[in-house]
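As structure tokens, the structure follows; a few thoughts come after it.
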């Protein structure tokens with residue numbers, strides 16, 4: 012596109028008072044060759060009319076120096092065919108300076124912000140959405156329990172074809188073994204007859220749903236909108252089974268005969284099964300298995316007769332009458348710990364209440380003791396708790412259960428630290444342990460992807476094995492775009508919760524396919540039309556992009572040349588940050604563009620007070636935190652030049668070299684928290700960036716530059732009160748180090 | 153501790169005003185707000201879970217159950233509507249029956265469905281004795297003397313009516329005293345057993361009376377604890393005149409006994425009605441009015457509780473209110489009709505009065521009236537358990 016440029020400076024919101032806007036406008040027109048106009052309120056009707064007038068006269072590349080690009084997005088949206096770049100002159104310029112700031116320093120900050128914005132506008136291209144040659148919008152649902160059945164039903168209701176596969180011979184999953192289920196309606200006190208049979212019937216009768224029982228997934232290749240799925244009979248092996256990931260070290264060991272090749276008889280991951288079925292998205296609902304609780308020797312499961320798990324008790328209750336005196340033990344910690352059984356969440360509390368009701372239903376003088384450390388009955392289930400509590404024969408206390416032993420024909424339970432102020436000895440007929448719900452993904456790959464990064468989800472240890480990527484920020488999502496999870500595989504949850512969960516996952520799957528159809532990113536950059544483009548002629552097959560992509564979007568060929576799958580991609584740019592050859596970029600975000608913006612900053616080489624610090628700031632959390640700091644009028648050093656980045660993972664180290672070689676005195680990266688409780692929107696980006704920065708520190712010291720000139724700081728979106736001091740402290744540190752010795756060269 | 157929940161006990165409590173007991177979730181707000189509970193021996197949080205678990209043996213041996221005056225502060229502040237005050241009331245109702253002797257009579261006095269027997273028994277006894285006495289007649293108008301209710305004989309050392317009244321009331325009171333003694337001593341033994349530490353040595357009867365019992369009685373008369381109550385001050389206002397009325401009437405009865413049964417032996421004119429100007433007669437009439445006033449307040453208070461705050465009406469509470477009201481009203485009406493010279497009515501009211509008093513004596517140890525002894529001794533026990541007679545834990 013032939014660029015016809017135009018720029019504007021808004022003088023509203025204190026910008027005009029804090030800056031010499033005429034001088035700024037003159038600089039932009041003269042130096043950047045962007046004709047520049049000023050207006051007292053660009054977001055107003057007259058302001059928009061001013062811009063629209065210029066657009067009608069042919070302007071198509073527009074720079075607006077006004078408020079933060081995070082606000083007024085509708086006001087400054089002039090259509091997809093225009094390039095609009097916003098320079099932040101308000102929150103991160105005049106608002107964060109205070110009355111005592113030296114006017115020339117503030118003016119220089121504003122000028123650099125305009126220079127960078129104009130440079131960006133010059134380098135930016137209009138995006139062209141990536142479209143698959145042909146798209147499939149059928150959904151594969153794995154698992155025929157409540158979660159899978161609901162997901163299938165909801166997706167079919169929304170008009171999509173669904174294939175539901177189930178390992179077992181019949182549909183229904185765990186729920187078909189239940190005698191009663193939790194209340195689902197007011198007054199929330201009475202157990203209900205299981206509704207699973209109705210759900211199974213609905214699904215079986217639905218013409219949009221194809222049910223395949225005794226079926227498993229061998230492998231899933233391809234990408235959202237074009238998954239290639241090979242199914243097989245349950246329990247069998249196939250040449251199309253997804254190959255296990257083999258690391259370089261393991262490959263060596265296999266070659267030396269020290270290790271068995273796990274992939275004997277399996278086709279490599281890139282092999283295409285011509286008979287594979289096409290799907291657009293996958294919902295994983297492979298559920299859970301009752302936990303093994305025999306490790307808690309003092310509770311006697313597996314050794315004492317009549318010590319059973321809640322799952323085993325449910326079977327007994329379904330088959331017939333349960334004993335009259337039963338103790339339900341919710342927490343195994345004895346005297347040492349008050350933690351519940353693992354994988355419990357709140358479900359086992361409610362299961363104990365339900366099963367205590369069985370004891371009372373079956374025995375007129377039945378007594379159910381519930382010995383807990385925590386009773387968790389969220390939402391309306393509080394009424395269920397109250398109902399059970401009101402039953403004469405249900406006795407509850409917080410307790411440390413220290414021992415279960417045989418006593419005559421029955422069992423004796425010893426408990427300490429109870430609400431009765433005394434140690435208890437209970438004579439009971441049966442003991443029920445609140446075993447948790449272990450997600451299927453804890454011990455198996457489940458999803459069986461034929462991806463370069465292996466068949467399973469990554470780093471599930473962070474989530475105790477649950478198939479999750481960030482429970483609060485990204486429900487249902489996994490680190491594999493197009494694969495959504497729900498039900499017990501995602502969290503120990505009740506039937507009611509599972510139904511909500513499965514509906515959510517089905518909608519996510521639909522959103523993903525429709526986004527792929529429009530050629531845009533699905534999440535978290537929903538609607539983004541750009542995607543990473545590779546200049547393959549210069550690729551050295553170093554495999555950094557394929558290894559580092561947090562979402563496994565890149566496959567490769569035998570030589571190691573990356574094979575992009577744009578519909579798997581989330582557009583974070585981690586590949587772009589990784590690439591040493593700098594051959595990966597987006598239309599509106601690439602190595603050259605940011606590098607040019609860095610170089611556009613004017614670095615005075617004759618004034619030791621005018622240091623220049625580059626801040627590469629994650630646009631998801633740190634940049635809004637900076638805006639909020641400005642809104643609160645926190646003072647941020649005007650020596651700092653901020654460039655927002657999609658994710659710290661996209662930061663290419665060449666930008667840091669660009670900054671330092673152009674005479675800037677320090678570089679600070681502000682990104683999300685990483686580690687076990689990460690907040691990174693692209694899961695691994697900030698972690699990868701800090702690793703790269705450790706390496707660049709070493710490079711700097713070989714050049715004779717202090718490694719302290721480069722730093723990474725973690726900033727959460729809620730850190731708006733401290734982010735100014737994080738930056739200012741770094742600036743003070745740079746002042747201590749003195750100017751960059753390469754300045755002026 | 154071996155746990156043996158008693159589901160029948162829970163059912164009893166639920167029927168006796170403690171229907172909310174299972175709602176408690178042990179937050180202990182009750183123990184914190186209770187004005188009567190101490191920091192070192194808090195209640196009623198622990199009583200609530202014992203009740204939920206049907207642990208009746210622990211509850212009947214728990215002095216705190218009897219120390220509770222049912223101010224209702226706990227009930228007002230309970231976040232779950234478990235009404236601990238009402239639950240403790242139900243536990244006391246159970247305890248009086250539990251300790252009651254003879255058990256048959258105790259059980260009889262726990263249920264409204266036994267009312268025909270409970271009323272009929274004294275009514276028939278008195279009626280039969282009236283018939284046997286041969287004095288069964290209606291008096292002539294203008295000259296009514298209840299001293300002739302059971303007729304006359306010439307045996308000057310004891311009037312016929314006094315003889316019959318003694319014959320009715322002394323066994324009833326004796327039985328009540330025996331039953332109360334047995335109940336209280338069993339309770340004391342259970343409470344002593346439940347102490348974590350054992351006594352060093354036993355106090356003598358005099359020591360017991362002066363160090364534990366008398367201070368408790370003083371406290372009761374002064375209404376110190378009742379006055380601590382927050383939300384239900386009205387109950388202290390009703391209880392105080394009522395209790396003083398009973399003390400006044402005790403003095404009057406004692407005086408009457410001495411005057412008529414002892415002095416009357418040598419001065420036969422002492423057998424007649426006591427003149428209205430006699431200070432003792434004045435005390436009697438003031439007490440009667442105080443009794444009616446007190447019971448009127450308590451009656452209103454309880455009706456109000458039931459209609460406004462949804463307290464459950466129980467036989468346990470209402471029996472005592474009706475009973476005292478019957479004693480007061482029948483006594484006053486008997487006196488008024490006597491003074492008005494309406495002989496037939498005066499005799500009818502006098503008869504009712506005798507029946508009501510006999511019921512009061514007979515059922516005292518098993519009904520709510522039993523708090524008179526049980527709470528007094530529990531308060532004595534409260535002093536005892538922190539006294540030097542008990543070994544202190546290191």
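Residue numbers (the numbering used here), protein chains in the order written: chain A, 12 to 756; chain B, 153 to 546.
Using N, Cα and C, we set each Cβ at its ideal position, and we do this for glycine too.
Given the structure is predicted, the values throughout are model-derived calculations rather than measurements.
- Given a length threshold of 4 residues, each whole run of the alpha helix (DSSP H) inside the stretch 231–300 of chain B is given here in chain order: 236–251, 255–260, 267–285.
- One Cα belongs to residue 324(A), the other to residue 248(A), and the distance between them is close to 34 Å.
- Looking at the DSSP output, residue 682(A) shares a beta bridge with 725(A).
- Under the Cβ distance rule, residue 201(A) does not count among the residues neighbouring chain B, no pair being separated by less than 8 Å.
- For the pair of segments examined, the stretch 194–202 of chain A was found not to touch the stretch 322–342 of chain A: the number of CB pairs separated by less than 8 Å stays below three.
- The beta carbon of residue 631(A) sits closer than 6 Å to the beta carbons of 692 from its chain, once the five residues preceding and following it are set aside; these are given in chain order.
- Annotated three-state conformation of residue 619(A) is coil, per DSSP.
- Distance from the CA atom of residue 451(B) to the CA atom of residue 473(B), rounded to whole angstroms, is 7 Å.
- Per DSSP, the beta-bridge partners of residue 97(A) are 75(A).
- Check the Cα spacing between residue 395(B) and each of 442(B), 468(B), 435(B): the tightest is with 442(B).
- Annotated as proximal: residue 500(A) and residue 450(A), with beta-carbon spacing under 8 Å.
- Listed along chain B, no residue sits closer than 9 Å to residue 314(A) by beta-carbon distance, the nearest being about 24 Å off.
- If you look at residue 18(A), you'll find it in the beta strand (DSSP E) that goes 16–21.
- Taking the Cα positions, residue 389(A) is about 12 Å away from residue 397(A).
- Relative to residue 722(A), the option among 745(A), 76(A), 733(A) whose CA is nearest is 745(A).
- Among the residues of chain A, those whose CB is under 7 Å from the CB of residue 157(B) are 378, 406, following chain order.
- Annotation for residue 485(A): 534, 535 place their beta carbon closer than 8 Å to its own, counting only its chain and skipping 5 residues before and after.
- Between the stretch 247–266 of chain B and the stretch 348–366 of chain B, the count of C-beta pairs closer than 8 Å stays below three; the two stretches do not touch.
- For the set 377(B), 187(B), 372(B), 515(B), the Cα lying nearest the Cα of residue 271(B) is the one of 515(B).
- Under the Cβ distance rule, residue 432(B) does not count among the residues neighbouring chain A, no pair being separated by less than 8 Å.
- In the structure shown, residue 629(A) falls within a strand segment according to DSSP collapsed to helix, strand and coil.
- Look at residue 153(B): its C-beta is under 8 Å from a C-beta on chain A.
- Against residue 437(A), the close residues of chain B are 154, 155, in the order they occur along the chain (beta-carbon pairs closer than 9 Å).
- The beta carbon of residue 362(A) sits closer than 6 Å to the beta carbons of 321 from its chain, once the five residues preceding and following it are set aside; these are given in chain order.
- Scanning the stretch 106–147 of chain A from its first residue to its last, the whole alpha helix (DSSP H) runs of 4-plus residues come out as 114–134.
- DSSP places residue 505(B) in the uninterrupted alpha helix (DSSP H) bounded by 495–515.
- Within chain A, the residues whose beta carbon sits less than 8 Å from that of residue 202(B) are 431, listed in sequence order.
- Going by DSSP, residue 47(A) is part of no alpha helix (DSSP H) but of the beta strand (DSSP E) stretching over 47–50.
- Scanning 647(A), 707(A), 755(A), 689(A) for the CA closest to the CA of residue 120(A) turns up 647(A).
- Taking every protein chain shown into account, the CB of residue 336(B) has 16 or more other CB atoms within 10 angstroms, so this residue is buried.
- By the neighbour-count criterion, in which a residue is buried when 16 or more other Cβ atoms sit within 10 angstroms of its Cβ, residue 118(A) is buried.
- With a cutoff of 8 Å on beta-carbon distance, residue 587(A) and residue 576(A) are scored as not near each other.
- The beta carbon of residue 649(A) sits no closer than 8 Å to any beta carbon of chain B.
- The residue among 416(A), 374(A), 370(A), 364(A) with its C-alpha nearest the C-alpha of residue 394(A) is 364(A).
- When 45(A), 751(A), 40(A), 738(A) are compared, the shortest CA-CA separation from residue 619(A) is found for 751(A).
- In summary, the residues of the stretch 391–404 of chain A whose CB is separated from some CB of chain B by less than 8 Å are 397, 400, 401, 402, 403, 404, in the order they occur in the chain.
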